[in-house]
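Under this note's numbering, the first residue of the sequence shown carries the number 220, and numbering increases by one thereafter.
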Amino acid sequence: MIKAVSPDLSTRAEDPFLWLEDRTSKPALDWVHHQNDLTKAKLKGDPSYQAQFETALELMTAQDNIAVGYELGGYVYNFWQDKTNALGLWRRATVASYKTDKTDWQTIIDFDALSQAEGIKWVFSGARRLYPDFNRCLVSLSPDGGDASEMREFDIETGSFVEGGFRAPSSKSDFGWLDADTVIVGAALEEGDRTQSGYPRVVKLWKRGTDLSAAEPIFEGQLEDLAVGGSLEFDGDERYLLLARTIDFYSGHHFVRLASGENRRLPLPDDATETAIFKGRVIFGVRSAWSAPGGLTCLPDGLYAFDFGRWLETGDIGVIETVLPPADRVSIAYLASTRDRLFINLMDNVRGRVVAAQRSETGWSLSPVALPENGNVGISHINQFGSSVSFSFTDFLTPSSIIWSDDDGKTLATIKAQPARFDASELVSEQFEARSKDGTAIPYFVVRRRDQKAPVPALLYGYGGFEVPLLPGYAGVRGKLWLEKGYAYVQANIRGGGEFGPGWHQAALKDKRQNAFDDFAAVAGDVVRRGISTASMLGIQGGSNGGLLTGVSMTQRPELFGAVIIEVPLLDMLRYTELPPGASWMAEYGDPSKPEEATWLAAYSPYQHVTEDVAYPPVLLTTSTADDRVHPGHARKMAARLQAAGHAHALFYEETEGGHGGRGDRRIQAAQTAMKYVFLEQALGGGDK
220 MIKAVSPDLS TRAEDPFLWL EDRTSKPALD WVHHQNDLTK AKLKGDPSYQ AQFETALELM
280 TAQDNIAVGY ELGGYVYNFW QDKTNALGLW RRATVASYKT DKTDWQTIID FDALSQAEGI
340 KWVFSGARRL YPDFNRCLVS LSPDGGDASE MREFDIETGS FVEGGFRAPS SKSDFGWLDA
400 DTVIVGAALE EGDRTQSGYP RVVKLWKRGT DLSAAEPIFE GQLEDLAVGG SLEFDGDERY
460 LLLARTIDFY SGHHFVRLAS GENRRLPLPD DATETAIFKG RVIFGVRSAW SAPGGLTCLP
520 DGLYAFDFGR WLETGDIGVI ETVLPPADRV SIAYLASTRD RLFINLMDNV RGRVVAAQRS
580 ETGWSLSPVA LPENGNVGIS HINQFGSSVS FSFTDFLTPS SIIWSDDDGK TLATIKAQPA
640 RFDASELVSE QFEARSKDGT AIPYFVVRRR DQKAPVPALL YGYGGFEVPL LPGYAGVRGK
700 LWLEKGYAYV QANIRGGGEF GPGWHQAALK DKRQNAFDDF AAVAGDVVRR GISTASMLGI
760 QGGSNGGLLT GVSMTQRPEL FGAVIIEVPL LDMLRYTELP PGASWMAEYG DPSKPEEATW
820 LAAYSPYQHV TEDVAYPPVL LTTSTADDRV HPGHARKMAA RLQAAGHAHA LFYEETEGGH
880 GGRGDRRIQA AQTAMKYVFL EQALGGGDK
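Structure (structure tokens):
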């Protein structure tokens, strides 16, 4: 008999499914394979599955999808996957060719060919290019789609890995160029180099021709820190080696390495954010009010600056300048610059816009970039060494487009536009507000048929954590497999996210986490109250922290939902810090080793609140054996506990590759996507509870 675990009990002592935390043990994998067989029989065996899979794969690999790229040195770089190139091509084209309908691409690395030659399914994890010609690269390759990657030096001109060049084994280390013969290493290779979260604790300089173990340490953090890192930053012709000690997700210290070898800390508060160097100024934001030297109080959602050169020379921060004053319901999404212009990507009531900032002797001035309104506008790429910048525009019903500028955003032209993937002519996108338990107004979007008269199956998606905003966006697969059938899609902007800046996030931090869950329940209730759906026809979906959200929603308010999808989730909040890299998230959730914090974690931790005397809606839990960000043990144990408690409608599915983000082969992604839509349609058949 399975009963809910009392919050004051140790999960290690009580947990009958602890063995499922052993990621690759035979008993655990035997259990996984059995569960996969059961789930595939139910979902892939559905008559509608094959058509949904083929549709999803076709849209994910369509040749007319936008090839999103970024420009460096006159070339646009792009990573591309289609049916022929399952693992993808890293490629480039000239800017002139990229702007045409038939781009002439030069393949840099064919990952399918590389994987076939080496017998490992390599997943591209990015590349760092060497200034100023950008032909030498430090390429990161994941052997399974996880975060840990191998690094190799590659020469684009010769099209080959450099014989005897820089190379490092798979780890969560970070590599960047200092110069042609020196690599900056955020080291996480050896136990002594790693923080308790498994990320780099030491920054080293690695000279060409020497062994990585002989790299010179230049900066160290604490074992309890989240990570450290180093990077070469450019401001025009000036170069700076910047170092960062990230204490946790929301605090850290920034340093500049001087020619003398001193690592001098920048005079910023611990919770500084959005830091950049532009035109001799350090640009920064703050997460909480800061009384800066000189008397100015810097506020969240604003941007500020000080004279970097003056501070380097004299140690005096001087006058703090206001670049962007804060405004109600406006938050900063992204900050970047070309060589001569600073761009600020803003979120204004969950819609995007971009302003350009310039400084004169009289201060800073802001001007809007002439982009479409009332949608999700973002900076797609920016060339910090030149003047090219591109922007993306989309909303729930408008396919994505790329708007390009070669002159710092002054002249704009739409150069790429994705074709429509579903019929949106009868659909409408609306924004509503729900009242949470404490009275806070929670915005959410609904996409549905304009002429809807009666409740329909609806899918509610949420996240609510880590300052991550959920913005409007076009999704062809969702449109084709869900919206075209007359169903509704709902996206909730609950607290904990980044939609309205640091305050919105902090309102659901640590002991305030229940606010996010209450917000989500309020949106669900409002959707039903408005007649958009009913409880039995309302499905919910969330991944990672969003998987925690849907797991809590199921255990706290099962009567509100007809189906639950829980993807790559955190679910055992009393043991999450024991499963690497869980310790890195204590600033978000709290520390279960501290009794006071364990109390609030235990109050909502889904795994501990499974009971046999509650009618849970059908649930599908998914994870990946290769997920080295959120341990698969969370989803495994939750499924096992639900099933042991007699909940026959608890399905579990685990991929063996793809990591936390499901990277890699699009066929695998399409299959799991189709399974989820089959699950929703099976569960949300209509009729109220």
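For glycine and all other residues, C-beta sits at the position ideal for the given N, C-alpha and C.
- Taking one beta carbon from each stretch, the stretch 635-651 and the stretch 700-713 have 3 or more pairs nearer than 8 angstroms; the two touch.
- In this chain, the beta strand (DSSP E) harbouring residue 297 covers 294-299.
- Our two residues, residue 540 and residue 517, have alpha carbons roughly 10 angstroms apart in a direct line.
- Within the same chain, Cβ atoms closer than 7 angstroms to the Cβ of residue 895 are found at 784 and 839, the five residues on either side in sequence being excluded.
- Linking residue 837 to residue 743 through their CA atoms gives a straight-line distance of about 17 angstroms.
- Burial is judged here by how many other beta carbons sit within 10 angstroms of a residue's own beta carbon; residue 672 has fewer than 16 and is exposed.
- In this structure, residue 738 places its C-beta atom within 8 angstroms of the C-beta atom of residue 714.
- For residue 282, the secondary structure class from DSSP, reduced to helix, strand or coil, is coil.
- Secondary structure at residue 557: coil, using DSSP grouped into helix, strand and coil.
- Counting only runs of at least 3 residues, the stretch 612-640 fully encloses the following beta strand (DSSP E) elements, listed from N- to C-terminal order: 620-624 and 632-636.
- In the assembly as shown, residue 807 is a buried residue. Its beta-carbon has 16 or more other beta-carbons within 10 Å.
- Within 10 angstroms of the beta-carbon of residue 412 lie 16 or more other beta-carbons, which makes it buried.
- Under DSSP, residue 465 takes part in a beta bridge, and its partners are 446 and 471.
- Residue 393 sits close to residue 448, with the two beta carbons spaced by under 8 angstroms.
- Counted as a single uninterrupted DSSP element, the beta strand (DSSP E) harbouring residue 482 occupies residues 482-484.
- Residue environment for residue 847: buried (at least 16 other C-beta atoms within 10 angstroms of its C-beta).
- Under the three-state reduction of DSSP output, residue 603 falls in the coil class, being neither helix nor strand.
- For secondary structure counted as the alpha helix (DSSP H) over 4 or more consecutive residues, the stretch 719-770 holds these complete runs in sequence order: 721-725 and 733-748.
- Residue 316 and residue 322 have their C-alpha atoms some 5 angstroms from each other.
- A residue is called buried once 16 or more other Cβ atoms fall within 10 Å of its Cβ, and residue 813, having fewer, is exposed.
- At a Cβ-Cβ threshold of 8 angstroms, residue 903 and residue 684 do not count as neighbours.
- By the C-beta criterion, the stretch 483-491 is judged not to be in contact with the stretch 434-451, since fewer than 3 inter-stretch pairs fall below 8 angstroms.
- For residue 823, the uninterrupted alpha helix (DSSP H) segment begins and ends at 814-823.
- Residue burial annotation: residue 638 is exposed, with fewer than 16 other C-beta atoms found within 10 angstroms of its C-beta.
- Beyond the five residues adjoining it in sequence on each side, residue 668 comes within less than 7 angstroms, by CB distance, of 645, 646 and 705 in the same chain, given in chain order.
- Judged by pairs of C-beta atoms under 8 angstroms, the stretch 877-888 does not touch the stretch 252-271, as fewer than three such pairs exist.
- Under the three-state reduction of DSSP, residue 515 is assigned to coil, being neither helix nor strand.
- When secondary structure is reduced to three states using DSSP, residue 376 falls in the coil class, being assigned neither helix nor strand.
- With three or more CB-CB distances shorter than 8 angstroms, the stretch 758-772 counts as touching the stretch 785-798.
- When beta bridges are read from the DSSP output, residue 598 appears opposite 610.
- Closest by C-alpha distance to residue 558, out of 466, 576, 712 and 571, is 576.
- For residue 311, the enclosing beta strand (DSSP E) stretches over residues 308-313.
- Residue pairing of residue 492 in beta bridges, as defined by DSSP: 504.
- The alpha-carbon separation between residue 513 and residue 502 amounts to approximately 17 angstroms.
- If you draw a straight line from the Cα of residue 873 to the Cα of residue 824, it is about 22 angstroms long.
- Of all alpha-carbon atoms in 533, 735 and 505, the one lying nearest the alpha-carbon of residue 524 is that of 505.
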